[in-house]
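Using the working numbering, you'd call the opening residue of the sequence shown number 66 and step up by one each time.
Where is the CB? At the ideal position from N, CA and C, for every residue including glycine.
Here the structure is a predicted model, which means the values were calculated and not measured.
Heads up: the structure comes next, in structure tokens.
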Amino acid sequence: MSDEGSDVAVTDDMDEGDEIETSLDSLIVGRYISSVLIVDDQPTFAVDAPVTASATEAAAQPLEAPIGGAPTAGLAVPDEADLESHELPAGPVTRAFADIGMMCGIVEPFGQTGEPINSKVAARADVVILDWRLRSGEPVGASATALLRDLVSPDRRQPLRLVCIYTAEPNVAAIAGEIAESFGVETESEFAVKISSTRVIVLGKPGNLACDEDRQVEWSALPARLLAEYLVVVDGLLPLFSLAAIGALRDASGLVVSRFDALIDPAVLGHRTMLPQPADLVEHLVDALTDEFRAVVSADLLVEGSLSEERCWQVASGSVIAEDELPAIDARFTNANPMAEVERMVRLGTPTGGKIRQAKYATRLFSSGGPAATTADIRFASLLHSRSHYMTSPPTLGLGAIVELVAEDAAGIPVGYYLCLKALCDSARLEAAEPFALSPLATTLTAPVTFVIDDDSVPRPLAAQIDLSLVVHAPFAPSEAPGPVQASYDNGQWVFLSAHDEPARFRYVGRLRDAFAQRSVHELATQASRIGLNDAEWVRVKRPAEG
Numbered sequence: 066m067s068d069e070g071s072d073v074a075v076t077d078d079m080d081e082g083d084e085i086e087t088s089l090d091s092l093i094v095g096r097y098i099s100s101v102l103i104v105d106d107q108p109t110f111a112v113d114a115p116v117t118a119s120a121t122e123a124a125a126q127p128l129e130a131p132i133g134g135a136p137t138a139g140l141a142v143p144d145e146a147d148l149e150s151h152e153l154p155a156g157p158v159t160r161a162f163a164d165i166g167m168m169c170g171i172v173e174p175f176g177q178t179g180e181p182i183n184s185k186v187a188a189r190a191d192v193v194i195l196d197w198r199l200r201s202g203e204p205v206g207a208s209a210t211a212l213l214r215d216l217v218s219p220d221r222r223q224p225l226r227l228v229c230i231y232t233a234e235p236n237v238a239a240i241a242g243e244i245a246e247s248f249g250v251e252t253e254s255e256f257a258v259k260i261s262s263t264r265v266i267v268l269g270k271p272g273n274l275a276c277d278e279d280r281q282v283e284w285s286a287l288p289a290r291l292l293a294e295y296l297v298v299v300d301g302l303l304p305l306f307s308l309a310a311i312g313a314l315r316d317a318s319g320l321v322v323s324r325f326d327a328l329i330d331p332a333v334l335g336h337r338t339m340l341p342q343p344a345d346l347v348e349h350l351v352d353a354l355t356d357e358f359r360a361v362v363s364a365d366l367l368v369e370g371s372l373s374e375e376r377c378w379q380v381a382s383g384s385v386i387a388e389d390e391l392p393a394i395d396a397r398f399t400n401a402n403p404m405a406e407v408e409r410m411v412r413l414g415t416p417t418g419g420k421i422r423q424a425k426y427a428t429r430l431f432s433s434g435g436p437a438a439t440t441a442d443i444r445f446a447s448l449l450h451s452r453s454h455y456m457t458s459p460p461t462l463g464l465g466a467i468v469e470l471v472a473e474d475a476a477g478i479p480v481g482y483y484l485c486l487k488a489l490c491d492s493a494r495l496e497a498a499e500p501f502a503l504s505p506l507a508t509t510l511t512a513p514v515t516f517v518i519d520d521d522s523v524p525r526p527l528a529a530q531i532d533l534s535l536v537v538h539a540p541f542a543p544s545e546a547p548g549p550v551q552a553s554y555d556n557g558q559w560v561f562l563s564a565h566d567e568p569a570r571f572r573y574v575g576r577l578r579d580a581f582a583q584r585s586v587h588e589l590a591t592q593a594s595r596i597g598l599n600d601a602e603w604v605r606v607k608r609p610a611e612g
């Protein structure tokens with residue numbers, strides 16, 4: 066993946082010699098990666114004399130023989146047969162990262178008294194580089210695995226992270242398999258494994274003769290190689306778009322914070338004091354901050370570029386369409402009735418016509434087949450329709466919440482999915498139990514789908530039943546008065562308990578985005594407000610049918 070005689074990496078879909086640092090993908094990734102941490106038991110620091118150019122070049126050359134010399138203080142000397150150039154030259158490595166705009170730090174895994182490093186330091190890094198041998202006298206890989214386990218712990222937040230095992234150990238080909246077995250996951254390849262949102266790769270240090278040439282990476286080439294490996298983490302249209310947006314927010318943090326000026330604090334405090342529920346201040350400011358984020362992201366050039374026609378073509382190039390067909394397809398489907406256009410393309414015998422005819426949906430053009438296209442359509446709909454519940458704070462019951470009654474309750478409410486219709490302002494400050502209006506939802510793939518929501522990470526198509534006669538009411542009490550109805554965590558699920566004498570258990574499924582929830586309420590209100598007139602039949606039959 067790296068050019069001969071160059072420290073610039075190239076990806077598989079780039080021509081040799083294309084500098085990855087100038088590609089759109091690498092600009093987005095390079096902007097996002099702000100910190101690199103190297104954990105190594107044998108970093109070498111030139112304390113007595115400055116590092117000269119010749120010393121830097123020497124440190125970057127492959128080493129054909131083990132390094133001798135005095136061992137690092139406090140560490141046992143490994144067997145001579147195991148000495149495979151484990152040392153890491155701190156100066157050249159950190160400067161190589163600085164040359165491409167990345168901040169890099171190096172720490173030893175254990176302090177002078179033997180205590181391990183604070184894992185919070187590693188948890189904050191975008192890229193973590195670990196030596197597989199972090200302590201002599203223990204099983205090789207034990208300390209590195211322990212640190213990795215702490216990094217991917219469910220108790221921590223899970224940022225997008227690349228971990229590189231950078232080692233001179235001779236068993237380099239077995240390391241990814243050992244990690245996968247330890248964490249109970251499958252390997253991504255012989256030298257890579259994915260654990261939650263962390264991708265772990267294995268590379269060999271210079272002079273590691275157990276590595277194939279493409280896995281043995283010089284110090285000077287390490288930053289470019291890791292940048293290329295990070296691109297694998299965000300491979301695809303949406304992953305790169307989302308990373309570009311997050312990078313834009315990082316860059317604009319100063320502008321956003323200045324918009325929320327401390328001079329406004331007195332007004333904010335006054336506003337809070339006058340609120341019926343002071344805790345509502347959080348939601349008010351989150352709304353304002355979200356709009357600022359939207360303004361930043363929508364104006365960012367890299368975000369725009371991540372969804373450009375050229376970028377879309379790169380992603381679509383694995384399908385059957387030709388490059389010059391993409392804009393034509395865009396125009397056909399946006400400027401005409403899609404289904405009529407399908408038939409027209411078939412009649413004209415276009416190269417894509419036959420494939421569209423089989424699926425009758427444009428998604429089929431860019432997927433491996435019918436089932437894959439359907440799955441993609443459903444997941445994309447879920448992305449647009451529903452909000453994610455990222456944190457461990459309890460969800461609340463209010464407009465847009467979708468719940469499932471799994472067993473018929475004493476009040477006779479049928480089992481199934483329901484959309485909560487109670488306005489947020491009416492559900493935020495309850496003094497006592499109040500009835501909540503719940504509109505039934507049908508699970509369907511054949512009937513018209515109203516929206517799709519993630520149900521325990523499984524996208525579920527649902528159809529709203531816009532009929533006031535089907536709306537049911539169930540009482541719920543606030544967890545703390547005055548306040549909202551909060552779910553309780555029970556057996557791996559968030560659950561709302563009704564205030565019936567025999568409480569019914571409503572499993573929390575998810576929450577619609579505000580506009581979709583409001584649309585359902587509007588449709589029910591429209592149905593309820595229809596006006597029945599005693600009109601002349603001659604006029605009625607002449608009137609166009611209401612659509």
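Bridge-paired residues (DSSP) for residue 259: Here residue 259 refers to the residue found at position 194 when the sequence shown is read from its first residue. Per DSSP, 264.
Inter-stretch contact (C-beta, 8 Å, three-pair minimum) for the stretch 317 to 337 and the stretch 271 to 282: no
Whole-angstrom distance between residue 585 and residue 196, CA atom to CA atom: Position 131 of the sequence shown, counting from 1, holds the residue named residue 196. Position 520 of the sequence shown, counting from 1, holds the residue named residue 585. Distance between the alpha carbons of residue 196 and residue 585 is about 56 Å.
Integer-rounded CB distance, given that residue 205 should sit under 8 Å from residue 173: On the sequence shown, residue 173 is found 108 positions in, with the first residue counted as 1. On the sequence shown, residue 205 is found 140 positions in, with the first residue counted as 1. Between residue 205 and residue 173 the Cβ distance is about 17 Å, and since that is not below 8 Å, they are no contact.
Separation of residue 552 from residue 347, as counted between CA atoms: In the sequence shown, the residue the question calls residue 347 occupies position 282. In the sequence shown, the residue the question calls residue 552 occupies position 487. Their Cα atoms are separated by approximately 19 Å.
DSSP-derived helix/strand/coil call for residue 331: As a first step, residue 331 must be located in the sequence shown, where it is residue number 266. Here residue 331 sits in helix by DSSP.
Separation of residue 191 from residue 293, as counted between CA atoms: On the sequence shown, position 228 is the one that residue 293 refers to. On the sequence shown, position 126 is the one that residue 191 refers to. Each residue's alpha carbon lies about 14 Å from the other.
At least three beta-carbon pairs within less than 8 Å, the stretch 595 to 611 to the stretch 490 to 506: no
Burial state of residue 222, where buried means 16 or more other Cβ atoms lie within 10 Å: Stepping through the sequence shown from its first residue, residue 222 is reached at position 157. Exposed.
Classification of residue 375 by the beta-carbon crowding that lies within 10 angstroms, buried from 16 upward: Within the sequence shown, residue 375 is the residue found at index 310, counting from 1. So residue 375 ends up on the exposed side.
Supposed close pair residue 308, residue 97 - CB separation, criterion 8 Å: Reading the sequence shown from its first residue, position 243 is the one you call residue 308. Reading the sequence shown from its first residue, position 32 is the one you call residue 97. The C-beta distance from residue 308 to residue 97 rounds to 5 Å, short enough to fall under 8 Å.
Residue 555 (DSSP reduced to helix, strand or coil): Indexing the sequence shown from 1 puts residue 555 at position 490. In this structure, residue 555 counts as strand in the three-state DSSP scheme.
Within 8 Å, strictly: CB atoms of residue 573 and residue 460: In the sequence shown, the residue the question calls residue 573 occupies position 508. In the sequence shown, the residue the question calls residue 460 occupies position 395. Against a cut-off of 8 Å, the Cβ pair of residue 460 and residue 573 comes out as a contact.
Simplified DSSP state of residue 524, which is helix, strand or coil: Position 459 of the sequence shown, counted from the first residue, corresponds to residue 524. Reduced to three states, the DSSP call for residue 524 is strand.
Residue 157 - containing alpha helix (DSSP H), residue span: Stepping through the sequence shown from its first residue, residue 157 is reached at position 92. Element bounds for residue 157: 155 to 164.
Boundaries (first-last residue) of the beta strand (DSSP E) holding residue 576: Translated into the one-based positions of the sequence shown, residue 576 becomes position 511. Taken as a continuous stretch (DSSP letters only), the beta strand (DSSP E) holding residue 576 covers 570 to 577.
Per-residue DSSP class, three states only, for residue 496: Against the sequence shown, residue 496 aligns to sequence position 431. Residue 496 carries a coil assignment under DSSP once its states are collapsed to helix, strand and coil.
Environment of residue 658 [buried if 16+ CB atoms lie within 10 Å]: Nothing about residue 658 can be read from this structure; the chain reaches only from 66 to 612.
Helix, strand or coil at residue 281 according to DSSP, with G and I counted as helix: Residue 281 sits at position 216 when you count from the first residue of the sequence shown. Strand, per DSSP.
First through last residue of the alpha helix (DSSP H) which encompasses residue 484: If you number the sequence shown from 1, residue 484 lands on position 419. It is not in any alpha helix (DSSP H) - residue 484 instead sits in the beta strand (DSSP E) that spans 481 to 485.
Distance between residue 215 and residue 247 (C-alpha atoms, nearest Å): Start at 1 with the first residue of the sequence shown, and residue 247 comes out as number 182. Start at 1 with the first residue of the sequence shown, and residue 215 comes out as number 150. Separation of residue 247 and residue 215 (C-alpha to C-alpha, rounded to the nearest whole angstrom) is 13 Å.
Classification of residue 322 by the beta-carbon crowding that lies within 10 angstroms, buried from 16 upward: By 1-based counting over the sequence shown, the position of residue 322 is 257. Per the 10 Å Cβ criterion, exposed.
C-beta contact flag for residue 152 and residue 109 at 8 Å: Residue mapping note: residue 152 aligns to position 87 of the sequence shown, counting from 1. Residue mapping note: residue 109 aligns to position 44 of the sequence shown, counting from 1. Closer than 8 Å, so yes.
Environment of residue 576 [buried if 16+ CB atoms lie within 10 Å]: Residue mapping note: residue 576 aligns to position 511 of the sequence shown, counting from 1. Residue 576 should be labelled buried.
6 Å Cβ shell around residue 39 - same chain, five flanking residues per side excluded: A query on residue 39 cannot be resolved here, the shown segment of the chain reaching from 66 to 612 and no further.
Euclidean distance between Cα positions of residue 567 and residue 545: Taking the sequence shown and counting its residues from 1, the one referred to as residue 567 is at position 502. Taking the sequence shown and counting its residues from 1, the one referred to as residue 545 is at position 480. Answer to the nearest angstrom: the Cα atoms are 20 Å apart.
For residue 168, the residue or residues it bridges with in DSSP: In the sequence shown, residue 168 corresponds to position 103, counting from 1. DSSP, once it has assigned bridges, lists 100 as partnering residue 168.
Close beta carbons around residue 593, own chain, < 8 Å, minus the five adjacent residues each side: Working through the sequence shown from its first residue, we reach residue 593 at position 528. The residues are 533.
Nearest-angstrom Cβ-Cβ length linking residue 199 and residue 101, presumed shorter than 8 Å: Here residue 199 refers to the residue found at position 134 of the sequence shown. Here residue 101 refers to the residue found at position 36 of the sequence shown. Actually they are not in contact, since the Cβ atoms of residue 199 and residue 101 sit about 17 Å apart, beyond 8 Å.
Residue 226 - containing beta strand (DSSP E), residue span: If you number the sequence shown from 1, residue 226 lands on position 161. Looking at the DSSP string, the run of the beta strand (DSSP E) that includes residue 226 is 226 to 232.
Proximity to residue 317 [Cα-Cα], best of 523, 360, 536 and 513: Counting from 1 along the sequence shown, the entry for residue 317 is found at position 252. When only C-alpha atoms are compared, the closest one is 360.
DSSP-derived helix/strand/coil call for residue 325: As a working note, residue 325 is residue 260 in the sequence shown. Coil at residue 325, not helix or strand.
Between the CA atoms of residue 340 and residue 596 - distance to the nearest angstrom: Along the sequence shown, read from residue 1 onward, the residue named residue 596 stands at position 531. Along the sequence shown, read from residue 1 onward, the residue named residue 340 stands at position 275. Approximately 39 Å, taken between the alpha carbons.
Nearest candidate by alpha-carbon position, reference residue 557, set 181, 521 and 581: The residue labelled residue 557 in the question sits at position 492 within the sequence shown. Nearest C-alpha to residue 557: 521.
Length of the line joining the Cα atoms of residue 283 and residue 380: Along the sequence shown, read from residue 1 onward, the residue named residue 283 stands at position 218. Along the sequence shown, read from residue 1 onward, the residue named residue 380 stands at position 315. So the alpha carbons of these two residues sit roughly 31 Å apart.
Residue 230 to residue 92 span [Cα, whole Å]: Stepping through the sequence shown from its first residue, residue 230 is reached at position 165. Stepping through the sequence shown from its first residue, residue 92 is reached at position 27. Looking at the two C-alpha atoms, the distance is approximately 24 Å.
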